[in-house]
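What follows is a single structure, written as C-alpha cells, with notes after it.
Numbering (our numbering), first residue to last: 60 to 360.
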C-alpha cells in the first residue's frame, strides 16, 4: 500500500477534504502547512472562498509570529501565505475533488445520513487504495461501515476545534481497520504536528465520553439553581486550572452541537441517565440561542 510520494516527486500526497466549515478549513490549513496538496470541497463557492480567505489570514498571522524577530512588510507576509495557498484547490464538484486523492477526509455536520451520502459518492471517483476518514466526534464508525467498500482503509481522525490550535487528534480504528492504515494515520498526524492517541470505536471515543457528561452536569447544576453560571465557571477555572469554565465551553462548542451529541449518546448508550435530555439546553436551542456563533447562549457576546 503506497502512501508517500515517489522519489521522482517533490510533493506529498493529495488529500481531499469534504466540508468547508470551521473543521474542514482548519484541517485543510494544517495539511498545507505541512506541505500536503489539498482539494477542499464545499457545496457553495461563496463558503469556499470565505474558507480560503480565513486560511490566508491565519497563514499571514502565523508567518508574522515566526518572523517576529525580523519585522516584515505586510506585502511580504502575504507573499509567504500565497505560496502555501498554492497547495490548496477549492471545488464545488465532488468528483473532481476526490480524483487522485491519497486520503479523503469527511468533515461535514454530525449527521449520519449526510456522512453516509458523502462516502457513497466519493468512492465512485477516488482511487481504490484511497484511505477514507471520518472526522466524527460522537458517531460510531461501525454505523458507516455498510457503505464502505474496503473497511481495511477506513478509520476516524477526530480533530478538535479550532484545528490549527488544538494539538490532539484521536485516531479511531474499527475491528476491520488494517494495522497499516492505523500506522499511516499516526505518521500523518505527526507530519501535521498533531499529537495522536489511539481510540477504539466506542461512543464519544476518549475525550467526548468524559467531557460531555461533565458539561451536561454543569448545565443541570445551573438548571437546579445550585450555583450561578459565573460561579460555576470561576470555580472550575481556578479550582482545577481548566482554561475555560464548563458553561463558557458549552457556548464555545455550540449548544445545538451539544444537543445533537447528547441525542446520539442517548441512542447509542440507552438507559444511561447522564445522557438524558436537559430542558434548559433544549429551550435555548429552540430559541436560536446557540452560543458564541449566534452572540447569545448561556452568556451574551
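All residues carry an ideal CB built from backbone N, CA and C; glycine is no exception.
Residue i vs residue j beta-carbon contact at 8 Å
i           : j           : result
residue 309 : residue 350 : yes
residue 182 : residue 199 : no
residue 107 : residue 149 : yes
residue 235 : residue 257 : no
residue 206 : residue 217 : no
residue 314 : residue 348 : yes
residue 164 : residue 219 : no
residue 295 : residue 194 : no
residue 139 : residue 180 : no
residue 114 : residue 147 : yes
residue 94  : residue 71  : yes
residue 75  : residue 185 : yes
Buried/exposed call for residue i, threshold 16 Cβ in 10 Å
i           : result
residue 102 : exposed
residue 255 : buried
residue 240 : buried
residue 229 : buried
residue 297 : exposed
residue 249 : exposed
residue 356 : buried
residue 335 : exposed
residue 332 : exposed
residue 317 : buried
residue 66  : Residue placement at residue 66 is flagged as unreliable, the pLDDT there being 34, under the threshold of 50; the coordinate-derived value follows with that caveat. That one is exposed.
residue 253 : buried
residue 188 : exposed
residue 274 : buried
residue 244 : buried
Helix, strand or coil at residue i according to DSSP, with G and I counted as helix
i           : result
residue 303 : coil
residue 343 : helix
residue 159 : coil
residue 93  : coil
residue 107 : helix
residue 259 : strand
residue 165 : strand
residue 198 : coil
residue 73  : strand
residue 78  : coil
residue 170 : coil
residue 117 : helix
residue 220 : coil
residue 182 : coil
residue 192 : strand
residue 234 : coil
residue 100 : strand
Inter-residue CB distance, residue i and residue j (contact presumed, cutoff 8 Å)
i           : j           : result
residue 80  : residue 223 : Going by Cβ atoms, the distance from residue 80 to residue 223 rounds to 14 Å, so no, they are not a contact pair.
residue 282 : residue 343 : With a Cβ gap of about 11 Å, residue 282 and residue 343 do not count as contacting.
residue 89  : residue 251 : 5 Å
residue 215 : residue 192 : 7 Å
residue 233 : residue 213 : 7 Å
residue 177 : residue 143 : Not quite, the Cβ-Cβ distance comes to about 26 Å (not below 8 Å), so this is no contact.
residue 151 : residue 109 : Not confirmed; about 13 Å, so no contact.
- Task: Evaluate the contact criterion for the stretch 104-119 versus the stretch 165-176: three or more CB pairs, one atom per stretch, below 8 Å.
- Result: No contact exists between the stretch 104-119 and the stretch 165-176.
- Item | Three-pair Cβ contact test at 8 Å for the stretch 151-170 versus the stretch 90-100 | Contact holds: three or more Cβ-Cβ distances are below 8 Å.
- Message: With three or more beta-carbon pairs closer than 8 Å as the criterion, would you say the stretch 303-320 touches the stretch 267-286?
- Response: As far as the Cβ criterion goes, the stretch 303-320 touches the stretch 267-286, which means the pair count is three or higher.
- Message: Does the structure place the stretch 318-328 close enough to the stretch 185-201 that three or more beta carbon pairs sit under 8 Å?
- Response: They touch, by the three-pair rule.
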